[in-house]
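In order, the protein sequences belong to chains A and B.
Take 1 as the starting number for the first sequence in my numbering and just add one per residue.
Take 1 as the starting number for the second sequence in my numbering and just add one per residue.
From the three backbone atoms N, C-alpha and C, an ideal C-beta is built for every residue, glycine too.
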Amino acid sequence: MSVELSQSGQVLTATGLSAGYDGRPIVQDVNIEATPGKVISIVGPNGSGKSTLLKSLVGVVPVLGGSVRVGDKDITNMTPEKVAALGVGYVPQIDDVFPPLTVKENLEIGGYLLARRDVATRIEAVLEFFPRLKVMLTRKAGKLSGGERKMLAMGRVLMLSPSVLVLDEPTANLAPIVATQLLEEYIRGFADHGSTVLLVEQRAKAALRISDWTCVLGGGRVVLEGAPRDLEQDPVFVESFLGGGAARHQAP
Amino acid sequence: MSSFGFGLMTAAVLAIATVGFTMQFAVTNVLNLAYGSVMINSAFVGYFFNARGMNAWVTLVFGMVTGAVASWALNRFVFTPFQRRNLAPITVVIVALGVDLVGTFGLQAIVGGGYVSFRIAPGQEYHILGMFLSGMQLIILAICAVVLVMIHWLLRYTRLGKAMRATSANPNLARNSGVKTQMVISTTWLISGALCGLAGTIFAMNTGVFEATSAQLYIVMLLAAMFLGGPGEPYGAMFGALTIGLATEISAAYISPQYKEVVAFLVLLGMLTFRPYGIFGSEKTN
Ligand SMILES: Nc1ncnc2c1ncn2[C@@H]1O[C@H](COP(=O)(O)OP(=O)(O)O)[C@@H](O)[C@H]1O
Ligand SMILES: [Mg+2]
């Protein structure tokens, strides 16, 4: 990485976390610790609460019990704008850009908290990282392809040099080759650069390849966790996620 | 050709009004049906000072301040509390309708039912492109043009304007980017309210004689112009206003002035039926 994109990380910790909508918990009693230089991934079937968990970490969904910390700060139920200001960058699973705004304007909003004079240089830095965006600065975000759009979504978050990256299924709907590049080059790259990465990923195999630790979410709880090489040996994990035999054809 | 001149005036005033109206809808998600009553109340505040000797153009400032403060307060004390309760969106629409009636007839109770008019010199008559326009009308057109350019500049080039558009497009993502959306929304009410007050005051000047209920049917014109350009699209609003302004005045000349709102309403129905996202708007998924 030629440019300073992300800062070296802070620890993100969730302790006994419960969260949900309208006071009804979806995620229950989750403990997660994401540390600098590591990719921590969360896998699990659709509807198991992965997105809800991430949203509760960044202040979009209310925390109903337990706590969330970044470094030495308690960020439980802090507003999303304050969480962003503390260096936590969050890329949602859907609605991850501002469609009617141009690519450049999306990046400018990403740099909303920067001093005005720093925005242009920061956009340059992000464009060095995602050069494909350079030629489409005046295009509306809603007109980008899936891969370009995800790059923009990540670029928006990188505008603030986050120390913690929270990414919700960044490879969904991407062509396999683009997905692999995003995961192995960029996302693994952030961690190697010292950032803290918390990643939700549908492609379990691909997630294991770049992760240092993986949690399996089921029904809103962590049902299994471990280092990738241990999970690869776990018959239950293999059966449910790595397509062992008949499980391949069933919805995970 | 004189109907074209009238149409241009109507369109210019409507453009200012619709841009404010559509900004409220886009950024704050409130279809503020009380807009017409804020317009006419602002006009009467301007008239109050004008009747006491203040230059009519100076009273525009008072009209704008009235619109800004009234709209901000409406949002702060009426719409936001209702929105917080997570009721169906239609609730806020009905509340706004109630506010409109209270605002209009409350005003009527204060100022009475009679017609009044601004004391303003019409100025010299100019013959431009086949239209006859008074000096006063030219000043109004100039004010409208300047204000629309300023709004364009605000939305395109300023940090606040971009934050407003981002909040409109995706409020959660805006917050995740560090935008204090509540502040952006409050500011939007102030700015759009100032447009509402300005529109109300020049509407009253342009109409000549007016009374407390003069803007009651204006909401139909606003809705038609907004839907024509695409809800929440400020540039569409300018286009919609121009079209509705010209269409209603030309039909007034050929059919009857009483059918102005009917024509606007027909356009509105047509848009809702065939292109509810406007001429320029695209079908949005979110
Ligand atoms: N906005 C919402 N309001 C109420 N329930 C929701 C909302 N979003 C998601 N849920 C529910 O929460 C559960 C978990 O959803 P989600 O966190 O999106 O799962 P995942 O990301 O693992 O697919 C689902 O049962 C879903 O129906
Ligand atoms: Mg999800």
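Cβ-Cβ distances below 6 Å link B:Ala26 to Ser168 and Gly232 in the same chain, with the five nearest sequence neighbours on each side left out; the list follows chain order. A:Ile187 is the residue among A:Thr52, A:Leu174 and A:Ile187 whose C-alpha sits nearest the C-alpha of A:Gly155. With a threshold of 8 Å between beta carbons, B:Arg275 makes no contact with chain A.
Per DSSP, the continuous beta strand (DSSP E) segment holding A:Pro25 begins and ends at Arg24 to Ala34. For A:Ile26, the distance from the CB to the nearest heavy atom of ligand 1 is below 7 Å.
Judged by DSSP secondary structure, B:Ile128 falls within the beta strand (DSSP E) whose first and last residues are Glu125 to Ile128.
Secondary structure note for B:Tyr254: it is in no beta strand (DSSP E), and the uninterrupted alpha helix (DSSP H) holding it is Pro234 to Tyr254.
The C-beta distance from A:Val216 to A:Gly49 rounds to 12 Å, too long to meet the 8 Å contact threshold. Pairing B:Leu107 with B:Asn32 gives a Cβ-Cβ distance that is not under 8 Å.
Counting only runs of 4+ residues, the alpha helix (DSSP H) found wholly inside the segment 38 to 89 of chain A occupies 50 to 57 and 80 to 85, in chain order. Judged by their CB atoms, A:Gly226 and A:Val178 are not nearer to each other than the 8 Å cut-off. Neighbours of B:Val179 in chain A, taken as residues whose beta carbon is under 8 Å from its own, are Glu81, Ile109 and Tyr112 in chain order.
A direct Cα-Cα distance of roughly 10 Å separates B:Leu160 from A:Ile109. Only exposed fits B:Trp153, as fewer than 16 other CB atoms lie within 10 angstroms of its CB. Boundaries of the alpha helix (DSSP H) around A:Val178: Pro176 to Gln181. Annotation for B:Met271: the continuous alpha helix (DSSP H) segment containing it runs Lys260 to Phe274.
Listed in chain order, the alpha helix (DSSP H) runs fully inside the segment 100 to 176 of chain B are 135 to 157, 159 to 169 and 171 to 176, counting runs of at least 4 residues. The Cβ of B:Ala88 sits no closer than 8 Å to any Cβ of chain A. With the rule of 3 Cβ pairs closer than 8 Å, the segment 263 to 275 of chain B counts as touching the segment 222 to 229 of chain B.
For A:Ala14, there is no enclosing alpha helix (DSSP H); the residue is found in the beta strand (DSSP E) stretching over Leu12 to Tyr21. Rounded to whole angstroms, the separation of the alpha carbons of A:Val58 and B:Asp100 is 39 Å. The criterion of a C-beta distance shorter than 8 Å is satisfied by B:Leu190 and B:Ala68. Minimum Cα-Cα distance from A:Ser8 among the listed residues A:Gln233, A:Leu152, A:Ala191 and A:Arg149 corresponds to A:Ala191. Boundaries of the beta strand (DSSP E) harbouring A:Arg221: Arg221 to Gly226, taken from the DSSP string.
In this model, A:Arg209 and A:Glu184 are separated by some 8 Å (Cα to Cα). Judged by their CB atoms, A:Ala175 and A:Ser41 are not nearer to each other than the 8 Å cut-off.
When B:Leu198, B:Ala253 and B:Leu246 are compared, the shortest CA-CA separation from B:Trp57 is found for B:Leu198. A direct Cα-Cα distance of roughly 10 Å separates B:Lys260 from B:Val220. The segment 17 to 31 of chain A makes contact with the segment 65 to 75 of chain A; the number of CB pairs closer than 8 Å reaches 3 or more.
Residues of the same chain with a CB within less than 6 Å of the CB of B:Tyr126, apart from the 5 flanking positions on each side, are Leu133 in chain order. Going by DSSP, B:Val78 is part of no beta strand (DSSP E) at all; its letter is neither H nor E. Look at the beta carbons and you see the segment 102 to 121 of chain A not touching the segment 199 to 212 of chain B: under three pairs across the two are nearer than 8 Å.
A:Leu107 sits away from A:Met151, with the two beta carbons spaced by 8 Å or more. Around the Cβ of A:Phe98, a 10 Å sphere holds 16 or more other Cβ atoms; the residue is buried. In this structure, the C-beta of A:Gln93 approaches ligand 2 to less than 7 Å from one of its heavy atoms.
Look at the segment 66 to 91 of chain B: it has no residue with a C-beta under 8 Å from a C-beta of chain A.
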